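At position 2 of the sequence shown the residue is numbered 90 (our numbering), and the sequence of numbers has no breaks.
No residue lacks a Cβ here, since even glycine has one placed at the ideal position from N, Cα and C.
Nothing here was measured: the structure is a model prediction, and the numbers come from that model.
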Amino acid sequence: MLKWIAGGLAAFFSIRYLSRLHRASTNITSRIRVSIHKITLTGIELTASVQIQNPNPIALRLQHPFVKVLFNDRLLGSSTIENRVIVIEQNSQKDFSLRIQSAGWLTLIQILGTKVAQDIRSATPIQLPLQTQIITRVNGLPYEQTDQVTLQV
C-alpha cells in the first residue's frame, strides 16, 4: 500500500513540475531588431539584436537562438547554429547579438528586385519590411516566434 501512495505522490509532483516548465516556456517573450552591419561586394551582412525575457519564477534552459530573416517568405539570410545551452535565471533577460550573412547579390536581386538591391548598394534611404524568425528550444520544448520588422537603409 505504501508503494502505491509513494508512486502516486511521485507521479503528481512530476506532472506538476512538467506542467510548470511547459507553462514557463510558453510565457517567455522575445524581441528582435535587425540592422545592416556592412555592405560588401559579396552581399549584405546584417546584425540581429535578440532579447529574450523570462518573467517566470523558475530558471529556464535555452538553446542558443537561431534567427532567419525573410522577405515575402523567402530567405534573405540566417545566423549560425551554435550547440550551446544558456540558463536564463528567474525574472531576468538575456541579450544576444547575432551576425546574419545574406546570400550574394544575385540572390538578393532575385528576392528583393533590382530597384531595391540597387538602392541598398547606393545607400539610398529606403524602408524594407522583413520577417524574422527566432527558433530555439526552451526546457527541451520547441519555441518559435515570427515578427515583422522594418529595415531602414
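Asked                                                                                                                                                                            : Found
Check whether the Cβ atoms of N144 and N171 lie closer than 8 angstroms to each other.                                                                                           : no
Within the same chain, show all residues whose beta-carbon is closer than 8 angstroms to that of V173, passing over the 5 residues directly before and after it, in chain order. : R149, L150, Q151 and H152
I'd like to check one pair, I124 with V138: are the Cβ atoms closer than 8 angstroms?                                                                                            : no
Return the bridge partner residues of N142 from the DSSP annotation.                                                                                                             : S180
Once you ignore the five residues that flank I197 on each side, which residues in its own chain have a CB closer than 7 angstroms to its CB?                                     : A205
Considering only the beta carbon of each residue, do L134 and S190 sit closer than 8 angstroms?                                                                                  : yes
According to the neighbour-count rule (16 or more other Cβ atoms, all chains shown, within 10 Å of its Cβ), is T224 buried or exposed?                                           : buried
Pick from L229, S118 and P213: whose alpha carbon is nearest that of I140?                                                                                                       : S118
Based on the DSSP secondary-structure assignment, which residues constitute the bridge partners of D235?                                                                         : T220
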